[in-house]
Structures are given as C-alpha cells and as structure tokens.
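Take the sequence shown: its position 218, counted from the start at 1, is 240 in our numbering, and no numbers get skipped. The beta-carbon is built from N, C-alpha and C at its ideal position, and this holds for glycine as well. Bear in mind that the values here come from a model prediction, so they are computed numbers and not experimental data. So the structure is just underneath, and the comments pick up after that.
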Amino acid sequence: MKASARFFRQVALLLTAALLTLARPAEAEEALGKREALRRPVALGFCGGRLLCANRDSGSVSLIELDPPRVSSEQKIGRRLEDLECTGDGVLVTDSADERLLYLSFAAGRLVQTAALPIAGTPGDISLDDAGERCAVASPWNRQVTLVNIEHGRDGGAALRLAATIKLPFSPGRLVFCRNDTLLVAADAYGGRLALIDPGNACLIGTRRLEAHGIRGLAASTDGKGIHLSHQRIEGGAPTTRNRVFWGQVISNILRSVSFRHLLEETPGAVAGERPVAHWSLYPFGAPGKAAGDPGAVAVGPLGTMLVALGGVDRIALRSGPGPVFKEIDVGDRPIAVALGPEEKYGYVANHFDDSISVIGIAGAEVIQTISLGPGRRLTPAEEGEKLFYDAKLSLDGWYSCHSCHPDGHTHGQLNDNLGDDTYGTPKRVPTLLGTSNTGPWGWIGNRTTLWEQVEKSIETTMRGKKPEAPVVEALVAYLELFDTPPPGSMEQNRVSVKRGADVFERLKCGKCHRPPAYTTAGSYDVGLTDETGQDSYNPPSLRGLPHRDRFLHDNRARSLSRALELHRPAAMKDLPDTARSDLLSFLLSL
C-alpha cells in the first residue's frame with residue numbers, strides 16, 4: 023500500500039509539472055473565450071520581473087513567470103497584435119487590425135489599457151527611446167513612421183500624444199533608436215534601404231542603400247558605434263540551377279554590421295540623399311549542406327551576447343561574447359522573436375508556429391526548457407500552407423523559403439533568373455503574390471495555367487527542393503488564395519484628377535490588357551520590350567497596389583511609373599499633355 027501511494031503521488035507531481043508548462047490558466051481561458059485559439063507569438067519583452075509575449079492571431083499577451091518559467095496568465099488585448107515594447111512600468115503594443123497603438127498598465131497583476139492612439143497603415147514595429155518617453159511606430163502600407171510622446175502619469179498610466187508623422191520613400195519594417203536617441207534608423211520592410219531620421223527635428227536626413235532584402239533584424243551595437251542587421255541577399259543574375267543553389271550563390275543569409283561613421287558620411291553627388299553604404303562587416307549564416315534561410319530578429323546584450331533567429335530552418339544563432347563564431351541551436355517552428363534575460367544568463371525565443379517559448383541556457387548553448395503558450399489543434403489547409411510558405415527546408419539544404427522572395431506575400435522587388443519563363447539568362451522581376459489568385463495565368467509569359475502548377479514548378483526549379491507531394495501543394499495554394507490585393511497606400515490623390523485619369527485610361531484603351539476589377543487579363547501581349555532571348559510578349563501584371571512598387575516592367579528597367587509608361591506606350595505618352603499624364607498617374611496610384 024505504501025509503495026502504491028508513493029507511486030500515485032509521483033504521478034500526481036508529474037502531472038502537476040506538465041500542467042504548469044503545457045496548460046493554460048483558467049483566467050486565460052476565460053479571457054480568450056476560445057479554447058483552441060492559435061496564438062502565433064510575434065514579440066517578447068520584460069516588464070515587472072516577467073516575460074511578456076504578444077500573440078498575433080489571438081490578439082493576446084501571455085505573462086510568463088521566470089522562476090520557474092511558466093505561463094501565469096493570458097489576456098485578450100486586441101484583434102491582431104504585431105509588436106510589444108516594455109517601458110518599465112507599462113507596455114506598448116500595436117494592433118494592426120484596429121490600426122492602434124495601445125498603452126497597457128499593470129493593476130493587481132493584470133494588464134489594463136490606459137491609452138490608445140490611432141496609427142494608420144497597418145502599424146507594426148515599435149522602437150522605444152532610452153528614456154522611455156518617446157516611441158516610433160512603422161506603418162509599411164502608408165510608407166511612414168509615426169513619432170509618439172509618452173506622458174507618464176503618477177498612477178502608473180500614460181497618455182499617448184502624436185508628435186510627428188514622417189513620410190518615407192519605401193515601406194518601413196524594423197526600427198531602432200540609437201546614438202543616445204539622436205538617430206532613428208528605419209529598415210526597408212521588403213527591399214534593402216535604410217532611412218536615417220532625426221527624431222528631435224522629426225525629419226528625414228537621407229536614405230542608404232544596401233545589397234540586401236528582407237531586413238528582419240535590427241539592433242544597435244553594444245559599443246554604441248553602429249548597428250547590426252540581419253538580411254538576405256539575392257544575386258539576380260545567378261540562374262537557379264542546383265549547383266548555384268547548393269553553394270549559396272542565389273540567395274545568401276547574412277548578419278551585417280555598419281558603423282555610424284560610415285552610415286552617416288555624405289557622398290558628393292548623392293541623389294536626393296540616397297547613396298550606397300560603402301563599408302561594413304559581414305557574417306554569413308549557413309554552408310552547403312546546412313543552410314540557414316531567413317535570418318530574423320536580433321537581440322544584443324550589454325555584455326556582448328547576441329541572438330539571431332534563423333526563422334526558415336528552426337534554429338537560432340548564439341554568440342556569447344564579442345568573438346567571431348556563432349553556435350546554432352535547434353528550437354521550435356519558425357523562431358520569430360528573441361530576448362535576453364537578466365545578466366544574460368538565459369535567452370528566450372518565441373516560436374511562431376509552435377505557439378511556444380524556448381528557454382536557452384547561454385553558458386551551455388542549449389535549450390533547457392520549452393514553455394507551451396496553450397494547446398494546439400488540427401490546422402486548416404491554409405494554416406498548414408502558411409507554415410510551408412515560411413519554411414526554408416522546402417528548398418535545397420534550407421537556403422530560402424517562399425517568404426524569402428515574397429516577404430509576407432509581397433515582393434522584394436528584385437530580379438531572379440529562374441525557369442518561370444522556361445529559360446535561363448533572362449532574369450525577371452519577382453512579382454507580388456498579393457491578390458494572386460485573381461491574376462492567372464501565372465509567370466511573366468503566362469505559361470502556368472493553375473496556381474498548383476506554379477507552386478509545384480517554383481519548389482522544384484526555383485528552390486531546387488524535392489518534388490512536393492500533393493498535400494504540400496494543396497496547402498500552399500490554399501494559403502495563397504487568402505492573399506488580398508494590397509491597399510492603395512497613403513497617397514492622397516485629388517479625386518477630380520483621379521476621375522480624369524480614369525477617362526484617360528479608358529481613352530488610351532489600357533483596359534484591353536488591364537481589365538477591371540483585377541486590372542489584368544489572361545492573354546499575353548507584345549509590349550515592344552524584349553528580354554535577352556527576344557521574348558516580347560508578356561502576361562500583364564495586375565495594376566493593383568502600384569504605390570507599393572519601386573521598379574517596373576519585367577526587368578525593372580523603369581525606375582518610376584512615369585518612365586514605365588514612356589517605355590511601354592512611347593507614342594501615346596509623347597502626344598499626351600502633361601496634365602493628362604499627371605491625371606493618369608493619379609488614377610493608377612489610386613488602384
């Protein structure tokens with residue numbers, strides 16, 4: 023009997039321990055109102071001795087105790103959370119669905135919303151200054167950064183005051199305050215540019231250009247002399263043959279460090295403040311046979327510890343000091359956010375598709391615990407497709423994912439030489455996938471009649487992965503069919519000019535190829551522009567979302583929409599009065 027009692031006590035203890043790690047508190051269950059909600063964590067921060075985790079899909083914040091690590095509660099905050107920053111006494115979160123910046127305070131151990139500020143353009147990344155009195159918010163679809171003053175109250179609450187809105191020539195993604203808060207750096211959400219902003223005067227200093235795309239990690243260096251950014255780099259002229267992909271010559275995965283001296287130096291003759299960054303140091307991730315696709319979030323501690331999420335291959339890179347070598351550690355499915363704990367003894371990793379947090383022992387460079395954010399459930403085909411879209415393991419050795427060329431379904435806007443047109447030596451611009459289900463056939467020459475065929479071809483010949491099984495293709499197609507057309511953007515068009523431009527569009531018979539409402543058609547047309555093989559007929563891309571493109575035509579030869587019109591319809595544009603041309607551009611940018 024004693025042995026039996028001891029056995030049942032041991033079982034009870036094991037079950038209790040499992041529940042602390044895996045189960046969700048009843049408080050969280052009641053707050054969410056749905057037992058099987060997917061969380062999809064996106065951001066981490068420390069506040070009040072706890073680790074906080076913002077969850078995108080459930081719109082909740084999970085509060086995690088550190089000793090022992092466990093979820094103590096979870097609260098519904100908004101509809102779709104994108105980022106989280108802790109101010110010391112409070113918490114800032116962005117809700118992209120409701121387009122708001124929220125300030126949350128603690129009251130009796132719970133988060134209470136004390137302030138909200140509307141932020142247009144699907145607000146995402148937040149950067150907080152060192153004093154905790156000002157933050158910046160990136161709005162990629164509006165191509166702007168919003169500066170917000172935080173006025174702290176004596177009761178622990180705060181007020182949010184709009185300070186300034188700064189327009190950028192590209193869509194901002196990651197942000198970071200640096201140089202004692204005298205400089206704000208905004209990274210391109212899709213391409214390879216950096217915006218240098220003077221936050222004190224709320225003005226754009228200039229832009230810098232890197233041979234890069236997919237800048238998903240941005241952090242100030244420990245010594246305060248520069249920044250670290252993680253990104254990918256595509257070689258547009260490199261054919262996607264198996265050999266080229268194997269050696270990492272198509273897309274490479276990089277951690278780049280740039281000093282402020284080189285970032286801020288001026289170059290004589292620079293156009294409109296934009297110039298290439300001339301000096302940097304690089305750390306390439308991955309090697310033939312074991313690549314490291316889609317480097318992401320970067321965390322740097324004052325002692326020199328650095329964590330970099332390698333989202334496409336389910337690993338993180340850890341450097342426990344200023345030495346040159348990173349160790350790579352397996353974590354959960356798509357690590358998307360990283361944070362360093364007190365004294366840099368532990369690191370914390372948010373695994374987006376696992377709904378979990380990996381706890382990393384820095385000294386031993388190993389996962390010591392995995393904390394579940396809640397129970398899972400069987401995924402829909404589209405949800406399975408989302409996981410596959412961000413999975414670099416679909417490609418040869420894990421060099422890149424679908425997301426690498428189509429960040430969050432859009433495009434990095436650069437060239438890639440693949441067999442989409444059945445030839446090599448003819449690099450074409452990577453198109454956006456937003457609204458793609460309504461724009462068939464696919465490929466620049468319209469040679470793929472179904473999305474299924476396009477997906478299968480891309481995995482086999484562009485990514486050089488194994489021939490995908492039917493459920494894989496089916497799931498990816500289901501996910502792609504969810505992609506909406508991009509919003510028109512923040513450009514304030516004169517309604518009268520837009521209406522006149524629509525008349526010009528109709529008069530020039532542009533709708534023959536770009537027929538509403540998708541502003542494309544199924545045929546291929548001779549546009550008078552040839553590629554390297556003499557190909558001159560192309561399937562017209564949709565005109566939806568033109569404000570979110572920076573280069574135009576099949577080979578990016580046009581640097582502006584106006585120039586694209588001149589190259590495509592030279593006779594019509596030559597005879598078109600300036601006012602009519604301006605009206606036409608207004609109409610196109612309103613789509």
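Distance, residue j Cα to residue i Cα
{"i": "K367", "j": "G383", "result": "6 Å"}
{"i": "V293", "j": "T229", "result": "Summary for V293: the model assigns pLDDT 48, below 50, so the residue's position carries little reliability, and this model does not support an answer."}
{"i": "T276", "j": "A339", "result": "Here residue 276 turns out to be Ile, not Thr, going by the sequence shown. About 12 Å."}
{"i": "F609", "j": "R176", "result": "51 Å"}
{"i": "E588", "j": "I219", "result": "34 Å"}
{"i": "L216", "j": "A580", "result": "21 Å"}
{"i": "K531", "j": "G447", "result": "33 Å"}
{"i": "R231", "j": "F505", "result": "29 Å"}
{"i": "G333", "j": "T458", "result": "25 Å"}
{"i": "D316", "j": "V389", "result": "21 Å"}
{"i": "C282", "j": "D151", "result": "The amino acid at residue 282 is misidentified as Cys; the sequence shows Phe. Computed Cα separation, rounded: 18 Å."}
{"i": "F128", "j": "V299", "result": "43 Å"}
{"i": "L441", "j": "T262", "result": "8 Å"}
{"i": "A180", "j": "R156", "result": "12 Å"}
{"i": "Y412", "j": "L329", "result": "20 Å"}
{"i": "G71", "j": "E87", "result": "8 Å"}
{"i": "Y501", "j": "P403", "result": "7 Å"}
{"i": "G143", "j": "D79", "result": "18 Å"}
Among the options, nearest to residue i - alpha-carbon criterion
{"i": "I256", "options": "D111, W302, W421", "result": "W421"}
{"i": "L551", "options": "R571, A586, D525, K521", "result": "A586"}
{"i": "A224", "options": "R201, T244, P317, A185", "result": "A185"}
{"i": "P364", "options": "D89, V83, G81, W269", "result": "D89"}
{"i": "V526", "options": "R603, A300, G308, T483", "result": "R603"}
{"i": "P508", "options": "E87, G431, G326, R238", "result": "G431"}
{"i": "H235", "options": "G369, F192, K247, P563", "result": "F192"}
{"i": "A593", "options": "S480, V549, L611, R522", "result": "V549"}
{"i": "S380", "options": "A372, A387, G386", "result": "A372"}
{"i": "A313", "options": "R78, D419, A76", "result": "D419"}
{"i": "Y212", "options": "D120, G326, E408, W163", "result": "W163"}
{"i": "T543", "options": "L568, W464, R72, V518", "result": "W464"}
{"i": "F574", "options": "V83, S243, H434", "result": "H434"}
{"i": "N469", "options": "L437, G545, L251, P397", "result": "G545"}
{"i": "L395", "options": "D600, Q97, G70, F68", "result": "Q97"}
{"i": "S279", "options": "V353, P324, S303", "result": "S303"}
{"i": "G270", "options": "I358, L611, M485", "result": "M485"}
{"i": "R522", "options": "L607, P538, G81, L60", "result": "L607"}
{"i": "C108", "options": "D120, S118, S94, I172", "result": "I172"}
{"i": "L286", "options": "A361, L205, G345", "result": "L205"}
{"i": "P539", "options": "V93, K450, A524", "result": "A524"}
Boundaries (first-last residue) of the beta strand (DSSP E) holding residue i
{"i": "P357", "result": "357-362"}
{"i": "C200", "result": "194-200"}
{"i": "A138", "result": "132-140"}
{"i": "G527", "result": "Here residue 527 turns out to be Phe, not Gly, going by the sequence shown. Here F527 belongs to no beta strand (DSSP E); instead the alpha helix (DSSP H) covers 517-529."}
{"i": "Y125", "result": "122-129"}
{"i": "T116", "result": "112-117"}
{"i": "Y501", "result": "Taken as a continuous stretch (DSSP letters only), Y501 belongs to no beta strand (DSSP E), being part of the alpha helix (DSSP H) at 492-502."}
{"i": "E588", "result": "From DSSP, E588 is part of no beta strand (DSSP E) but of the alpha helix (DSSP H) over 583-590."}
{"i": "K189", "result": "180-189"}
{"i": "F68", "result": "63-69"}
Under 8 Å between C-beta atoms of residue i and residue j
{"i": "I393", "j": "P91", "result": "yes"}
{"i": "L410", "j": "L416", "result": "yes"}
{"i": "D577", "j": "D605", "result": "no"}
{"i": "V113", "j": "L74", "result": "yes"}
{"i": "V335", "j": "A414", "result": "yes"}
{"i": "V159", "j": "L123", "result": "yes"}
{"i": "I467", "j": "Y560", "result": "yes"}
{"i": "H536", "j": "P562", "result": "yes"}
{"i": "T454", "j": "G326", "result": "no"}
{"i": "L498", "j": "G407", "result": "yes"}
{"i": "L133", "j": "V207", "result": "no"}
{"i": "I249", "j": "G214", "result": "no"}
{"i": "V360", "j": "G369", "result": "yes"}
{"i": "D117", "j": "L103", "result": "yes"}
Interface flag, residue i vs chain C, CB-CB below 8 Å
{"i": "I273", "result": "Judged by its chain identifiers, the structure shown contains no chain C, having just a single protein chain."}
N- and C-terminal bounds of the alpha helix (DSSP H) containing residue i
{"i": "E405", "result": "403-411"}
{"i": "F574", "result": "Element bounds for F574: n/a, residue is neither H nor E."}
{"i": "T601", "result": "600-610"}
{"i": "L251", "result": "Per DSSP, L251 belongs to no alpha helix (DSSP H); it is in the beta strand (DSSP E), 248-256."}
{"i": "S426", "result": "424-427"}
{"i": "E365", "result": "E365 -> no alpha helix (DSSP H), and no H or E assigned at all."}
{"i": "K473", "result": "Note on identity: in this sequence residue 473 is Leu, with Lys being the wrong assignment. From DSSP, the alpha helix (DSSP H) with L473 extends over 473-479."}
Near the ligand PLP: residue i beta-carbon under 7 Å from a heavy atom
{"i": "D377", "result": "Summarising the ligand content, the structure contains no ligands, and the ligand PLP is consequently not present."}
- Task: Only counting runs of 4 or more residues, tell me where the alpha helix (DSSP H) segments fall wholly within the segment 267-347, in order along the chain.
- Result: Listed in chain order, the complete alpha helix (DSSP H) runs (minimum 4 residues) inside the segment 267-347 are 282-286.
- Query: In chain order, which continuous runs of the alpha helix (DSSP H) of length 4 or greater are located wholly inside the segment 204-241?
  - Reply: Within the segment 204-241, no run of alpha helix (DSSP H) reaches 4 residues while sitting entirely inside it.
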